[in-house]
Amino acid sequence: MKSTMRLLLPVAISSAMIACSSQGTIGSLDQVETEELQEVEIDKLNHQQIRDQYQEILGLVDDDYIKEQIERRISGVHMQEGDSRSASPNSPPEQGYYRNAIASYRDILEKYPNSPDNAEVLYQLAKAYDLEGQPDNALAMMNRLEKYHPDYEHMPEVYFRMGDLHFNAERYPQAERAYRKTAQYNSSSLNNNAHYMLGWALYKQGAFDKALDEYSFVLNALYRADGSTAELNNVEQSLVNDTLHSMSLALVNLGGAEAIRDVDSLRDKPFVWRLYQQLAGFYLNKNLYSDSAATYREYIERFPMRERASRFHTELISVYVKGAFPKLVLQEKENYADLYGPDSDYYRQFPQLQAQIGDDLKGYYVELATHYHSKGQQALAKLKKKPKETHLAEVGSESLTSAADFYQRYLALFSGPESARIRYKKAEALFENGQYGLAAGEYQQVAYGDADYELANKAGYAAIVSYQKHIAQLEQQQADQQQIDSWRADSLASMLQFTEVFHKDSRSPAVLTNASQAMFTLKQYERAIKVASDLLQNVKGLNNDLKKTAFGILAQSRFSLKQYQLAKNNYLAQRKLARAGSKEYREISNNIAASVYQHAQQLKEQDQSQAINELLSLKKLAPATDLRVVAQYDAASMLLAEKRWDDAITELRQLKQAYPKHKLAAEFPRKLAFAYESQKDWPQALAAYEYLQAKDPQPGVRQEALFVAAGLAEKTGNDNKAIDYYRDYAHKYEQPFDNRMEARYKLASLYEKAKDRNRQLFWLRRVIAGDKSAGDQRTERSQWLGAWANAKYGDYFAWEFNRRSIRLPIEKSINRKNGFLQDAATRYSMAADYGILEFVSLSNQKLARLYENFSDDLIKAPVPKELPAADKALFAQILQQQAEPFTALAADYYMANVELAWQGHYNNWIQQSFDAMRRLSPLRFDQTEQVAKYGDEIR
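Numbering (mature numbering (1 follows the signal peptide of the UniProt record, and there is no 0)) for the sequence shown: -21 to -1, 1 to 918.
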C-alpha cells in the first residue's frame, strides 16, 4: 500500500502540473518526486480522471500544506476544463463552464482563509467569475485581492481588468482610477494598453484634452524617434491605429485639427502627420468634406516645409473632388502649383519629391489652363451678347492670360508628344485674348516645328488668320507703316508656306479666297459675291466643302444686301452639299428659314396672299426649324386678319398639336378660339375657350376665357353651363368691374329664364350693390344695369301683386296686395332715380299700370254676402271711392310719360302711356290728327 502511494503521488501531482501549466500563475510544488513521470501517459487522462487521482492522493496525505496544494491543483483542473469546454461548446453543461472551478476556489478560501497562496486563488477566482459572466463577483474578488494582497505580483493585470469591468459597466471614474493604478506599475506588457484605456475613460467623462495626453503617451511609446513603426509587431501596430482613431474622436469633440497644437507631448514629433491624416480620413468617412479638407489645410499651414505637406495637399484636393467642390478643386490645384512648383523653395528643398510633384503638376497645369481657357471664352461670349457689361472683358482677358501662363508652365517643365497639343491650346488662348501676333508665332511653331502633329495643318491655317487679325489691330492702332508691311510680309509667307506644306489640305484653295472673305468682313458684299461666283465657275474639281463655303458666302452676302430670294436659293444649293441630319444641315436650314421669313416680310407690303404662301413654304423647306413655327404662326395671324377662318383654323390646329412646348404654344389655342368665335362656330368656340380657361398659363387669359365661355354656352343654348361659368366668374373675380357686373346681370337674366326667382333676386341685389359701391369705376353701363336690376326687382313684386286677387276677408287681402304694390313702386322709383329715359319711362308706365290694376281690383272686389242689400250698395260705393285715387295716380304716371314725349323723347313705354291715356281720356287723346301731328313732330 505504501509503495503504491509513493508511485501515484508523484505521477498525479506531475500530471496536474503539466495540465495546469497553461495558466502561468500557479507556483510549482516543492519536494515532489518526479522520477516516474515517464511511466504514465498523461495525455490519455481526461480532466475527471486527473481530479480522481488528485482526490485519491488527497485521502492519503496528512500534511496540510500538501493538501492545500492538491486542492488548488484540483481547482486548476476545473478551471482548465472550463477553458476547454468554452473553446468547444458543442454540448454546454446545464450550469456554467466555470461553476465547478468557482465552487472549488471558494472552498479553498473557506478552508484556508489565511493561506499566503490565497492571492493566486483570488486571482483565479476573479478570472473564473469574469469568464462565467459575473463581473460584479469578479470585481469583488479583485477588490479583496487589492485589499489583502497589494503586493501580489499580478496586480498590474488585476488593476487593468478592474478597469475593464468598470469601463464596460460605464463607471468611468472608477475605470480611470484602475487604469491609472495599472500605469503606475509601468508594466512593459500592459503600460501602453493602460494609457490607451485611461484615455478612453477620460474621453467618456468628456475630458477630451486629458484623453489626448494619454493617447499621445501611447504614440510616443510606440513610435521610434524618426517617426517609424517598422519594428512594431501586429498587435502594437493595431494599437497605434486604434490610438490614432481614438485621438480623432477626441479632436472632433475639441473642434478639429486646431486642437492638435495644444497637445504639448506631440509638439515637434515627426509622426504627428499620422494624426492629421487619421483625423482627415475620419471626417472623410463621415462625408464631412469641409472638415476633412480643413484638417489637411491645418497641417499644410502649420508645417509648410515638411515633406508631407505636398502629399497632404494632393489629399486635400482629393477630398474636394469626392465632395464635388469643383471650384475649390481648381483653386487648390492652383495653390499646389504655386507652393510646390519648380519656382518654389519647397521644390528645391525636396529633390526626392520632384518627380512626384511633376506627375501631379502635369495634370494640374492642363486642367487649370483648360479651366481658365473656358472661363475666358465664356466671359467673352457673354460680352458679345451683353456689350454693356464691360467687366466681362477684364474677366475674359485675365482668364485667358492665366490659361496661356499655365500652358507655358507645362511646356517649360515637360516635353513629348503632348507638347504640340498644349502649345496649340496656348496659341488659341492668345488668339482669343486678342494677342494675335503672339498667337501667330505659337501656331507657326506647331504647324512647322512639329509637323507630325495631327493638328499641324489646322495650326498653319490659324496662323494665317492670326496674322490677318494682328495686321488689322496695327492698322486700327495707326501703327508705323513699316511695321505693318513687315507683318503683311510674314502673313503672306505663312499663306505660301501653308499651300506648299499642306497642298492636299482641303482648305488650301480656301486660303486663296481669303481676299473675298476679308472683303465680306469689310461689308464689300458685291465684291465678295464676285469672288465666290468666280470660284464656283472657274475652279475645276472644287471639293464639296469649298463649294459649300462659296455658296455660303453668296447666300450671306445676298442676305446682307436684303436680296432674300437669292439668298434662299444660294442656301438651298449649299444645303444640298451638306449631310442630311447633320448640325451643318440644320444650321443651313435655319438660314433658309431666315431668308424666307425676311422675304415674306417684304411681300407683306405688296401681296398678303403671296406673303402667306411664302411663310407656309417653310413647312416643306425647313420643317425642323424654330422659325418655321413662327412663320406658320404669322401666316395664321395674317389669315385671321383676312378673315380666312377655315385656313387659319387648319394652320393653328396643326401648330397646337405639333408644338405643345414651343415658346409660342400658348398663343395657338388663343388664336384658335378667336377664329372659331369669329366664324360663329359657337360649339367649337365654346370648346376652345373652355380649353383656355382650364389650361392657359396666364391667369388673365384664363379669366377672360371663362367669361367668354359663359357667353358662348348661352349662345349654344346650354343655360346650365352658362350659369355655372358666370357664377364661377362672379365669385372668383372682382376685376375688371365691367365684366363682374355683366356676369351678375347674366346670372339674374338666366335665373329669370329658368324661373328660379330666389336666385334671380339674389343676383339682382348683387347688380344693384355692385353699381352702388363702384365709386370711380362706375360707368353708364353699370348705372343702366343698376336701373335694370331695380326694374326687374319691381317686376317681381308686380308679379306677386298681380297673382293675388282681392277676396274675403277683404281688408286682409287688400293689405297684402297693397304691400306688394308699394314694394314694386319702391323698386320702380329706384330704377327711375337713375335718370335714364328708358327706366324713367318704364317705371312710369309700369307703376301707372299697377295703380290702374289695383283700382280695377278694388272695384271688382267681392262684397260680403251676409250684408243687407243697402249695405252691399254702400260697400261697393266705398270701394269705388277708394279706387278713384289709384285711377288718378295711374293717370298721373301715364301723363308723366306723355310729358316726356312733349319734351322730345319717345320709346315704347311712352307709346304705351299714350295708348293708356286714349283709353282713360278719349276726348283729349283719342284724336287721330293730334296723334299724327305728334308723331310728325317726333320724326
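For glycine and all other residues, C-beta sits at the position ideal for the given N, C-alpha and C. Here the structure is a predicted model, which is why all the values come from computation and not from measurement.
Grouping DSSP H, G and I as helix and E and B as strand, with all else coil, what is residue i?
{"i": "Gln882", "result": "coil"}
{"i": "Val242", "result": "coil"}
{"i": "His756", "result": "The question names His, but residue 756 in the sequence shown is Gln. Gln756: helix per DSSP, three-state reduction."}
{"i": "Ile702", "result": "helix"}
{"i": "Tyr351", "result": "helix"}
{"i": "Met874", "result": "helix"}
{"i": "Met284", "result": "coil"}
{"i": "His133", "result": "coil"}
{"i": "Pro114", "result": "helix"}
{"i": "Ala442", "result": "helix"}
{"i": "Gln677", "result": "coil"}
{"i": "Phe393", "result": "coil"}
{"i": "Leu540", "result": "coil"}
{"i": "Ile815", "result": "coil"}
{"i": "Ala426", "result": "helix"}
{"i": "Asp464", "result": "helix"}
{"i": "Asn548", "result": "helix"}
{"i": "residue 939", "result": "Limits of the chain in this structure are -21 at one end and 918 at the other, which puts residue 939 out of reach."}
{"i": "Tyr830", "result": "helix"}
{"i": "Gly531", "result": "helix"}
{"i": "residue 920", "result": "The question about residue 920 has no answer here: the residues shown for the chain are numbered -21 through 918."}
{"i": "Phe780", "result": "helix"}
{"i": "Ala66", "result": "helix"}
{"i": "Glu713", "result": "coil"}
Residue i to residue j, Cα distance in whole Å?
{"i": "Phe716", "j": "Ser820", "result": "28 Å"}
{"i": "residue 923", "j": "Gln414", "result": "What is shown of the chain runs -21 to 918, which leaves residue 923 out entirely."}
{"i": "Asp484", "j": "Leu434", "result": "12 Å"}
{"i": "Pro305", "j": "Asn718", "result": "56 Å"}
{"i": "Phe818", "j": "Arg632", "result": "47 Å"}
{"i": "Arg745", "j": "Ser588", "result": "50 Å"}
{"i": "Ala186", "j": "Val300", "result": "35 Å"}
{"i": "Asn116", "j": "Asp109", "result": "8 Å"}
{"i": "Ala316", "j": "Glu294", "result": "14 Å"}
{"i": "Arg467", "j": "Asp384", "result": "28 Å"}
{"i": "Glu693", "j": "Ala573", "result": "45 Å"}
{"i": "Gln476", "j": "Lys405", "result": "22 Å"}
{"i": "Ile508", "j": "Arg537", "result": "8 Å"}
{"i": "Arg558", "j": "Ile571", "result": "16 Å"}
{"i": "Ala748", "j": "Ala722", "result": "14 Å"}
{"i": "Pro152", "j": "Leu228", "result": "20 Å"}
{"i": "Ala768", "j": "Tyr612", "result": "44 Å"}
{"i": "Phe653", "j": "Leu691", "result": "12 Å"}
{"i": "Leu254", "j": "Pro135", "result": "29 Å"}
Leaving aside the five residues before and after residue i along the sequence, list all residues of the same chain whose C-beta is less than 6 Å from its C-beta, in chain order.
{"i": "Glu407", "result": "none"}
{"i": "Ala590", "result": "Ala579, Leu582, Lys583"}
{"i": "Glu215", "result": "Leu201"}
{"i": "Ser822", "result": "Tyr807, Ala810, Ala811"}
{"i": "Gly416", "result": "His449"}
{"i": "His641", "result": "Val608"}
{"i": "Tyr576", "result": "Leu606, Ala610"}
Kindly list the residues whose CB is nearer than 7 Å to the CB of residue i, restricted to its own chain and excluding five residues on each side of it in sequence; keep chain order.
{"i": "Glu20", "result": "The pLDDT assigned to Glu20 is 44, lower than 50, so where the model puts this residue is not dependable; a value taken from the coordinates is nonetheless given after this. Excluding positions up to five away in sequence, the list is empty."}
{"i": "Tyr84", "result": "Ser54, Val100, Gln103, Leu104, Ala107"}
{"i": "Gly75", "result": "Glu111"}
{"i": "Lys527", "result": "Gln553, Leu556, Ala557"}
Please list, in chain order, all residues of the same chain as residue i whose beta carbon is under 8 Å from its beta carbon, the five residues on each side excluded.
{"i": "Tyr175", "result": "Glu193, Tyr194, Val197, Leu218, Asp221, Thr222, Ser225"}
{"i": "Gln17", "result": "Any reading at Gln17 must be qualified, since the residue scores a pLDDT of 34, below 50, and its modelled position is unreliable; no value is offered."}
Exercise for review: State whether the stretch 161 to 172 contacts the stretch 122 to 133, with contact taken as three or more CB pairs (one from each stretch) at a distance under 8 Å.
Suggested key: no
Check your understanding: Does the pairing of the stretch 537 to 548 with the stretch 558 to 567 give three or more beta-carbon distances under 8 Å?
Key -> no
Review point. Would you call the stretch 387 to 406 and the stretch 355 to 371 in contact, with 3 or more CB pairs under 8 Å?
Key: no
Review point. Are the stretch 323 to 332 and the stretch 281 to 299 in contact at 8 Å, needing three or more beta carbon pairs?
Key: yes
Exercise for review: Check whether the stretch 637 to 644 touches the stretch 658 to 666, taking contact to mean three or more Cβ pairs, one atom from each stretch, closer than 8 Å.
Suggested key: no
Review point. Does the stretch 264 to 274 come close enough to the stretch 231 to 238 that 3 or more CB-CB pairs lie under 8 Å?
Key: yes
Check your understanding: Within the chosen definition, does the stretch 119 to 128 reach the stretch 145 to 154 through at least 3 CB pairs nearer than 8 Å?
Key -> no
Check your understanding: Between the stretch 335 to 346 and the stretch 367 to 384, do at least 3 Cβ pairs fall closer than 8 Å?
Key -> no
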